[in-house]
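In our numbering, the protein residues as written are 71 to 433.
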């Protein structure tokens, strides 16, 4: 009985922090609306209508949440092993291109959908993993900071994706500029929708299954346990005889593969091509969703859905109310602020440690 309660106990604290951070961000947004003479209640109704007001908006929120869940899991998978992958956006874009290439390239054009669709997902995973490889090799070989190198690689990925889409694989009849796209995916490479006239595909249940798998992997497998040891302390892991460098490479490759799968979800299920520029910051929003989940894999679907609904609800504000849709961005900024805090109100602020040998009378 106690063994079954342990996972629930581990979920309780991050779930409470998630709820508290959302509540505080809503208070910030409500205060801003009141200060500008607008109604917080009207804004809440507008966001809810835009996110879940009908079957169409609900399905749109689910479609937006799919790549966010995978992106959050990408960050969590590396972070649990002590690797800070800040380059999920670049791996997402490279995964999107690799998935598109597998979808439209002539060697794969006549494959059965039962083969072609999984290959598109695999192509996205490989593209993301390969883009994550150089930063982790630089880290294990030269000690370079992976936060800086993965961020740098994201900017390179954006420019490289733009070049490949606009100058190498641009669709016939499409001019360079906004919303430029590659050749379209073959019919057999496109992800079938789970619901008629929606962009919700099998990638959503696959993302949820990935969350369950990662939680199981870290809790029940030898490799997962070793990765967790590296995340706890590299010196301890090295003292235990673990190959820390190899494990860090494994963590980053798995992280990049998940980010690339997020790109494949967009390419194969939404646009049916690779596009440029990517206006959505899936990789960066995935980091926020991961932090909001307390880096707990099983909470990533919840926070990913929350951000997907918030994005879609922001459009609802513009449609159903006179309130600007950018209030949703204010809520996101509030979440960033509260998630970044070391502790939240009600949790007990950490006391500043007292220096050794210092008496209370000198405090």
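Just so you know, even glycine gets a beta-carbon here, dropped at the ideal spot from N, CA and C. As the structure is a prediction and not an experimental result, all values here were calculated from the model.
query: Under the three-state reduction of DSSP, which class applies to residue 240: helix, strand or coil?
result: As a first step, residue 240 must be located in the chain shown, where it is residue number 170. Residue 240: strand per DSSP, three-state reduction.
message: Assess contact between the region 227-237 and the region 178-191, defined as three or more Cβ pairs (one per stretch) separated by less than 8 Å. Is contact present?
response: no
- request: Starting from residue 311, follow the alpha helix (DSSP H) in both directions and report where the run begins and ends.
  value: Translated into the one-based positions of the chain shown, residue 311 becomes position 241. Where residue 311 is concerned, there is no enclosing alpha helix (DSSP H), given that its DSSP letter is neither H nor E.
query: What are the boundary residues of the alpha helix (DSSP H) that residue 186 is part of?
result: Taking the first residue of the chain shown as position 1, residue 186 is located at position 116. Start and end: 183-212.
- prompt: Any heavy atom of the ligand PLP closer than 6 Å to the CB of residue 390?
  reply: With respect to the ligand PLP, the structure shown offers nothing to examine, as it has no ligands at all.
field: Proximity below 7 Å, CB of residue 130 to CB of residue 337
entry: Against the chain shown, residue 130 aligns to sequence position 60. Against the chain shown, residue 337 aligns to sequence position 267. No. Outside cutoff.
message: Give me the residue from 230, 360, 406 with the minimum Cα distance to residue 372.
response: Residue numbering aside, residue 372 sits at position 302 when the chain shown is read from its first letter. Out of 230, 360, 406, 360 has the C-alpha closest to the C-alpha of residue 372.
- request: With a 10 Å radius around its C-beta and 16 neighbouring C-beta atoms as the bar for buried, classify residue 288 as buried or exposed.
  value: Here residue 288 refers to the residue found at position 218 when the chain shown is read from its first residue. Label assigned to residue 288: buried.
Whether residue 353 touches residue 147 by CB criterion (7 Å): One-based indexing of the chain shown puts residue 353 at position 283. One-based indexing of the chain shown puts residue 147 at position 77. No.
Cβ distance (whole Å) where residue 301 is taken to contact residue 134 below 8 Å: Taking the chain shown and counting its residues from 1, the one referred to as residue 301 is at position 231. Taking the chain shown and counting its residues from 1, the one referred to as residue 134 is at position 64. That belief does not hold up - the Cβ atoms of residue 301 and residue 134 are roughly 30 Å apart, past 8 Å.
- prompt: Identify the residues that DSSP records as bridge partners of residue 250: which are they?
  reply: Counting from 1 along the chain shown, the entry for residue 250 is found at position 180. Its beta-bridge partners are 346.
message: According to DSSP, simplified to helix, strand and coil, what is residue 86?
response: Working through the chain shown from its first residue, we reach residue 86 at position 16. Three-state DSSP puts residue 86 in a helix.
Opening and closing residue of the alpha helix (DSSP H) in which residue 231 lies: One-based indexing of the chain shown puts residue 231 at position 161. Residues 216-233.
- prompt: What is the rounded straight-line gap between the Cα of residue 221 and the Cα of residue 82?
  reply: Sequence index remark: in the chain shown, residue 221 carries index 151 (1-based). Sequence index remark: in the chain shown, residue 82 carries index 12 (1-based). Rounded to the nearest angstrom, the two C-alpha atoms are 32 Å apart.
- prompt: What are the boundary residues of the alpha helix (DSSP H) that residue 115 is part of?
  reply: Position 45 of the chain shown, counting from 1, holds the residue named residue 115. Taken as a continuous stretch (DSSP letters only), the alpha helix (DSSP H) holding residue 115 covers 110-122.
Other residues of its chain near residue 346: CB distance less than 6 Å, five sequence neighbours each side excluded: On the chain shown, position 276 is the one that residue 346 refers to. The residues are 231, 232, 235, 250.
message: Please state whether the Cβ-Cβ distance between residue 362 and residue 409 is less than 7 Å.
response: Taking the first residue of the chain shown as 1, we reach residue 362 at position 292. Taking the first residue of the chain shown as 1, we reach residue 409 at position 339. Yes; because the gap between Cβ atoms is below 7 Å, this pair is in contact.
- prompt: With a CB to CB cut of under 8 Å and the five nearest residues on each side skipped, what residues in its chain are close to residue 429?
  reply: As a first step, residue 429 must be located in the chain shown, where it is residue number 359. With a pLDDT of 44 at residue 429, under the threshold of 50, the predicted position of this residue should be treated as unreliable, though the coordinate-derived value follows. Closer than 8 Å at Cβ, skipping near neighbours: no residue.
task: Step through the CB atoms of chain C and report whether any lies within less than 7 Å of the CB of residue 326.
output: Considering every chain present, this structure includes no chain C. It has just one protein chain.
- prompt: What number of angstroms, rounded off, separates the C-alpha of residue 168 from the C-alpha of residue 127?
  reply: The sequence position of residue 168 within the chain shown is 98, counting from 1. The sequence position of residue 127 within the chain shown is 57, counting from 1. Residue 168 and residue 127: Cα-Cα distance of roughly 29 Å.
- request: Along the alpha helix (DSSP H) that carries residue 382, what are the first and last residues, could you check?
  value: On the chain shown, position 312 is the one that residue 382 refers to. It spans 370-390 - the alpha helix (DSSP H) in which residue 382 sits, taken as one unbroken run.
task: Buried or exposed for residue 433, please, with buried defined as at least 16 other CB atoms from any protein chain shown within 10 angstroms of its CB.
output: Here residue 433 is taken as the residue at index 363 of the chain shown, counted from 1. Residue confidence for residue 433 is low, a pLDDT of 39 falling below 50, so the modelled location carries little weight; the figure read from the coordinates is stated next. So residue 433 ends up on the exposed side.
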